[in-house]
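Colleague: Structure incoming, see below.
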């Protein structure tokens, strides 16, 4: 070993000891004949002191930042203590110093407030990872990994590896494929998830499975998406939805306790998908704050359970609103005195292409008692009053109203809700609000192909009460205009998502385990028997030999890390991420390959 | 939860309790009006008893093996106890029974001595995995995984994920490649190992890294090789070879203690590569037994350290032997009275194409005191006596002798040694003999391309004392016939393999961390600067910014599982393995993909 101690462990109790240490030079400071070096490693920083006169042969003038050195010396008490760091009460008085590896001047400074831009830091990722923040992120990820394993092991889950070279069954996202050299013109695919394998493990009788595993999706990349990502993948047999919810909310609570030391005692709130959409405008609501959406109107074809909802405004009497499919509002306490400029800015914000509304209406309940509205000219005072009442708005509140087509308007209001919460400082990264979203629709309608698509995936079971609806109706949609009336439209899934601070961190379902129902599902998704036999014959076969009822969940580890790490960027929690074009800037990959490789794989390039 | 208890937990202390259980029907036995069912799950088997008269409505006649049922009933003491299983003292008297999932008749019996052949079991892997042996294998693998993690965590190693979509840098084995859709005509490669990434993590300052990670090699498959396999991959900074050996022999000792409850107290024996080759004929000797090879002759160009070896026979005087490059023997106690038939069989064995010798000589030291030899006519009694002395052979021993070209003969003797040990029952699968093999040559000579190839990999450092030889000589081999005289031929590597019962279970090295030396290595392997910049520029760049001395090791998890599981077949320890043609028989993969997929990837098929 080249060292006796790391840079994070010496303290007053080591005074007088002779130590040998290795690390990187963080800083060099010269005061007359005395030189201070801050020596850094993964464990901390230790101050070194060199009395130049006593050591005239030291190669001091050659030293620079990021050099790796090995030193020996004696631990001494510091006169000028730094109580902010664990080693701040001591220093090491150097008697020997050896350069292990010199360093060129780094392309950016290795410190938290670095001067390096994103691109250069991606290219020199190995230097970026030296920064304390990045080291902390990597450590956090490991701690989460450990906490997950400890909890699952305690509950008798087995980590079982599933294969990476599998079969291409594109359904949903695109597969990455791998040409086979030994099987001419055939391809493997990389798994989008180990879904079918974990189900087969249930068929095999391994009733509790987990894996922390890389998955792959060849999608058009958006900001903060990675072509390869890590799932905490879990599956259980002989369980109902309730068992899964309990098991896995306790997993996440255990993780948060372990890495943040925050104990969440209450059971997680549970919202139906309809509730989430109705009150928050999306299925991954940020519950760190309230600001519920008030629905002045109920659109026709969704929200079965909200016909008598208390927020509906009866007489609107204002044509733009009357004509709108949806009118939604939020009432924001403390914003009733927003200035015209602030209101204009908000209006501009909802008109941005990403939001796409044509305008925004408002009612200000000023603290001076006055009520001002952008549309008071167009409606009766009764309507205005009704709206304020429906919002239960108190003086000093600002009511923002959006109206238009259901999907777009609700989405815009959901975004506006988050924007206002950010403005009001309600999105504290150190607060963690979890919830379950339940009772998703099983299908979505695909107008282009006039068929159903699985909202979750084709292995999700309908609710027990909907199974017979699914089995005893044909999935074909005779009249595309009346798809809303097809019995499949209202089938609910036995599925659940876990949300944390406005992010979906996990999702799963109770699975179909009956061959007949699984075949019906494939048919509903537009597959012919030959197609689903070719793609999923192995699973249908397995379903003939005694299958336990089972279900599971998969969590996005990258996202959980970033939220618990207080960041919006998953890239900061992946040691070697790719950029938004799927490129590894450090490796300069993907790259061209030899024509010999292509020939061996029986493929050629094509424009 | 569909059950209150598993099939492995009930015992006398549960007598009288009402329980609900789920599982698979292992057997049904009918005795008059009483039916016994053995119900199986991952945790065990519980006997169920049905009194048919009391439950006339039970669907008994529909039941069959492998049906999944849910039952309720009362725990009772058995009259006919089976003390071989933990639940053998009780049975459950059924009051309710429900079929959860019926089963067709399985294609082979779900029991340890199954009637299913390899192919059918691979196709129905989910059924094969139900057998107790396979369940035990999967569990063993998880236990090993846990033991590895516990040890490494305790020693401050961090599990850090490295990417799977990397850059193709073929050197050694072939890469699997993945066409990129977003980067036309470019390809990712799947990692053969995370080698360069773990080195970059050292450059980043994460001084102790590990990962249990899938790796990929597109090789022509031999029996018991998998295109995807799992490594326990580790790396450390600021360490010398001695530190690594200590750290990781203790890891494997901890694993063996944890899963086999066998404590290995002594430090691992250490053999140089030369010793291993000299005494055992290969670099992964099985040390469960002695049977060392005796070298009657020393071949010219290897075994620097064995010029005065005590086994050399001075005067052979027998032309076939005189002309042979190598003469090697083993002396086998207890086989001196082998019959002519047994000797003929052994001779046939060495003549098999896999061994490829033309014949075998022997000296029998019969227990009656007579000495018989296959070549006594051709040599003097002195030579015979000298040979017996060199072998230190005692009466009752059989000396087997092979002669011929060095490489082939030594390999054949190595195989013969194992064969004799098997015959003599010396290869006990419950004995575990570990050793380190050290001091490998850094290079091998590639006659075809007249250049050096890295015996381990291009990142392995030469021994400290050989670094200057490497730096101050040019790698080019001016005269191919005299490659033995090139200074690179005798450079030793700072590398180590761990062997267990005749298998290499892990290997690693101290790495090159100096840019100049790394460039020299690439040049020695025949790469031009443009080529190594293109392939490994990121690593060479990293070596400019302060690199800690570092080294590591990678263990083959699949192999460790199979050895500790007492099997020769790694496939039995992989949940979903591929066959010898790289096919997943269950998925029927690889398979063709849509032409749409090919088009999107800018490739086409070619004959």
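Chains as they are written, first to last, in this note's numbering: chain A, 27 to 633; chain B, 27 to 633. Glycine included, every Cβ here is placed at the ideal spot set by N, Cα and C. In this text, all values refer to a predicted model and were calculated from it rather than measured experimentally.
In chain A, which residues lie less than 8 Å from residue 570 of chain B when you measure between Cβ atoms?
Modeller: As a first step, residue 570 of chain B must be located in the second chain, where it is residue number 544. Per Cβ cutoff of 8 Å: 129, 130.
Colleague: Applying the 10 Å Cβ sphere with the 16-neighbour rule, what's the burial state of residue 620 of chain B?
Modeller: Position 594 of the second chain holds residue 620 of chain B. By the 10 Å Cβ count, residue 620 of chain B comes out exposed.
Colleague: By the 10 Å Cβ neighbour count, where 16 or more other Cβ atoms means buried, how is residue 505 of chain B classified, buried or exposed?
Modeller: Along the second chain, one-based indexing puts residue 505 of chain B at 479. So residue 505 of chain B ends up on the exposed side.
Colleague: Could you tell me which residues DSSP pairs with residue 652 of chain B in its beta bridges?
Modeller: Here chain B covers residues 27 to 633 and nothing more, so residue 652 of chain B does not appear.
Colleague: For residue 635 of chain B, which residues in the same chain have their Cβ closer than 7 Å to its Cβ, ignoring the five residues on either side in sequence?
Modeller: One cannot answer for residue 635 of chain B here, as it falls past the ends of chain B, which runs 27 to 633.
Colleague: Verify the CB distance criterion: does residue 50 of chain B have a CB-CB separation below 8 Å to chain A?
Modeller: What you label residue 50 of chain B is simply residue 24 of the second chain in a count that begins at 1. It does: the Cβ of residue 50 of chain B has a partner Cβ on chain A nearer than 8 Å.
Colleague: Do residue 221 of chain B and residue 485 of chain B come within 8 Å of each other at the CB atom, strictly closer than that value?
Modeller: As a first step, residue 485 of chain B is located in the second chain; it is residue number 459 there, counting from the start. As a first step, residue 221 of chain B is located in the second chain; it is residue number 195 there, counting from the start. Yes; because the gap between Cβ atoms is below 8 Å, this pair is in contact.
Colleague: Under the rule that 16 or more other beta-carbon atoms within 10 Å means buried, what is residue 193 of chain B, buried or exposed?
Modeller: Counting from 1 along the second chain, the entry for residue 193 of chain B is found at position 167. With 16 or more Cβ atoms within 10 Å of its Cβ, residue 193 of chain B is classed as buried.
Colleague: According to the neighbour-count rule (16 or more other Cβ atoms, all chains shown, within 10 Å of its Cβ), is residue 289 of chain B buried or exposed?
Modeller: Numbered from 1 along the second chain, position 263 holds the residue referred to as residue 289 of chain B. By the 10 Å Cβ count, residue 289 of chain B comes out exposed.
Colleague: Hey, could you find the ends of the beta strand (DSSP E) residue 637 of chain B is sitting in?
Modeller: Because chain B in this structure spans residues 27 to 633, residue 637 of chain B falls outside the shown range and cannot be described.
Colleague: Give the residues of chain B in contact with residue 164 of chain A, contact being defined as C-beta atoms less than 8 Å apart.
Modeller: The count along the first chain starts at 1 and reaches residue 164 of chain A at position 138. Within chain B, the residues near residue 164 of chain A are 184, 186, 232.
Colleague: Between residue 207 of chain B and chain A, is there a C-beta pair that is closer than 8 Å?
Modeller: On the second chain, position 181 is the one that residue 207 of chain B refers to. Chain A contact via Cβ: present.
Colleague: Kindly say whether residue 632 of chain A, judged by its beta-carbon, lies nearer than 8 Å to any beta-carbon of chain B.
Modeller: Locating residue 632 of chain A in the first chain gives position 606, counting from the first residue. Yes, because at least one Cβ of chain B sits closer than 8 Å to the Cβ of residue 632 of chain A.
Colleague: In the stretch 443 to 502 of chain B, which residue ranges form an unbroken beta strand (DSSP E) of at least 3 residues, counting only runs that do not cross its ends?
Modeller: Complete beta strand (DSSP E) runs here, min 3: 460 to 464, 469 to 472, 477 to 480.
Colleague: Measuring alpha carbon to alpha carbon, tell me which of B/119, B/94, B/144 ends up nearest residue 127 of chain B.
Modeller: By 1-based counting over the second chain, the position of residue 127 of chain B is 101. Residue 127 of chain B has its Cα closest to that of B/94, out of B/119, B/94, B/144.
Colleague: Do you know offhand how far residue 404 of chain B's Cα is from residue 259 of chain B's?
Modeller: Start at 1 with the first residue of the second chain, and residue 404 of chain B comes out as number 378. Start at 1 with the first residue of the second chain, and residue 259 of chain B comes out as number 233. Answer to the nearest angstrom: the Cα atoms are 55 Å apart.
Colleague: Could you run through the stretch 91 to 112 of chain A and flag, in chain order, every residue whose CB is less than 7 Å away from some CB of chain B?
Modeller: Hits within the stretch, in order: 92, 93, 94.
Colleague: Going along the chain, which residues of the stretch 587 to 601 of chain A sit with their C-beta nearer than 7 Å to a C-beta in chain B?
Modeller: Cβ contacts with chain B come from 601.
Colleague: For the alpha helix (DSSP H) that residue 226 of chain B lies in, which residues bound it at each end?
Modeller: Here residue 226 of chain B corresponds to residue number 200 of the second chain, with the count starting at 1. From DSSP, the alpha helix (DSSP H) with residue 226 of chain B extends over 221 to 229.
Colleague: Would you mind sorting residue 42 of chain A into buried or exposed? The rule is 16 or more other CB atoms within 10 Å of its CB.
Modeller: For this step, residue 42 of chain A is matched to residue 16 along the first chain. With fewer than 16 Cβ atoms within 10 Å of its Cβ, residue 42 of chain A is classed as exposed.
Colleague: Give the range of the alpha helix (DSSP H) segment to which residue 563 of chain B is assigned.
Modeller: On the second chain, residue 563 of chain B is found 537 positions in, with the first residue counted as 1. That run of the alpha helix (DSSP H) goes 555 to 568.
Colleague: Do residue 75 of chain A and residue 51 of chain A count as a contact pair if the criterion is CB distance below 8 Å?
Modeller: Translated into the one-based positions of the first chain, residue 51 of chain A becomes position 25. Translated into the one-based positions of the first chain, residue 75 of chain A becomes position 49. Not in contact: residue 51 of chain A and residue 75 of chain A (Cβ atoms no closer than 8 Å).
Colleague: So what's residue 595 of chain B in DSSP terms, helix, strand or just coil?
Modeller: Here residue 595 of chain B is taken as the residue at index 569 of the second chain, counted from 1. Looking at residue 595 of chain B - three-state DSSP - the assignment turns out to be coil, as it is neither helix nor strand.
Colleague: Within the continuous beta strand (DSSP E) that includes residue 232 of chain B, where are the two ends?
Modeller: As a first step, residue 232 of chain B must be located in the second chain, where it is residue number 206. Element bounds for residue 232 of chain B: n/a, residue is neither H nor E.
Colleague: State yes or no: is the beta carbon of residue 212 of chain B nearer than 8 Å to at least one beta carbon in chain A?
Modeller: As a first step, residue 212 of chain B is located in the second chain; it is residue number 186 there, counting from the start. For residue 212 of chain B, the answer is yes, since a Cβ of chain A falls inside 8 Å of its Cβ.
Colleague: How is the beta strand (DSSP E) around residue 69 of chain B delimited, first residue to last?
Modeller: As a first step, residue 69 of chain B must be located in the second chain, where it is residue number 43. First-last for residue 69 of chain B: undefined, no H or E at that position.
Colleague: Just to confirm before moving on: does the CB-CB distance between residue 376 of chain A and residue 436 of chain A stay below 8 Å?
Modeller: For the purposes of this step, residue 376 of chain A is taken as residue 350 along the first chain, with counting starting at 1. For the purposes of this step, residue 436 of chain A is taken as residue 410 along the first chain, with counting starting at 1. Not closer than 8 Å, so no.
Colleague: Which class does residue 302 of chain B belong to by DSSP, given the choice of helix, strand or coil?
Modeller: The count along the second chain starts at 1 and reaches residue 302 of chain B at position 276. Helix.
Colleague: For a contact defined as C-beta to C-beta under 7 Å, what are the partners of residue 254 of chain A on chain B?
Modeller: Within the first chain, residue 254 of chain A is the residue found at index 228, counting from 1. Result: 189, 190, 191.
Colleague: Using the Cβ count rule (16 or more neighbours within 10 Å means buried), how would you classify residue 321 of chain B?
Modeller: Along the second chain, read from residue 1 onward, the residue named residue 321 of chain B stands at position 295. Result: buried.
Colleague: Leaving out five residues before and five after residue 108 of chain A in sequence, what residues of the same chain have Cβ atoms less than 7 Å from its Cβ?
Modeller: For this step, residue 108 of chain A is matched to residue 82 along the first chain. Excluding positions up to five away in sequence, the list reads 114.
Colleague: Taking Cβ-Cβ distances shorter than 7 Å, what residues in chain A pair up with residue 615 of chain B?
Modeller: One-based indexing of the second chain puts residue 615 of chain B at position 589. Result: 192, 193, 214.
Colleague: For residue 623 of chain A and chain B, any beta-carbon pair shorter than 8 Å?
Modeller: Counting from one through the first chain, the residue named residue 623 of chain A turns up at place 597. Chain B contact via Cβ: present.
Colleague: Could you name the residues of chain B that residue 88 of chain A contacts, counting a contact when the two beta carbons are closer than 8 Å?
Modeller: On the first chain, residue 88 of chain A is found 62 positions in, with the first residue counted as 1. Correct list: empty, because the minimum Cβ distance to chain B is about 13 Å.
Colleague: Would you identify the three-state DSSP class for residue 278 of chain A, choosing helix, strand or coil?
Modeller: Counting from 1 along the first chain, the entry for residue 278 of chain A is found at position 252. In the structure shown, residue 278 of chain A sits in a helix (DSSP, three-state: H, G or I).
Colleague: For residue 237 of chain A, count neighbouring Cβ atoms within 10 angstroms of its own Cβ and tell me buried if that reaches 16, exposed if not.
Modeller: Working through the first chain from its first residue, we reach residue 237 of chain A at position 211. Buried.
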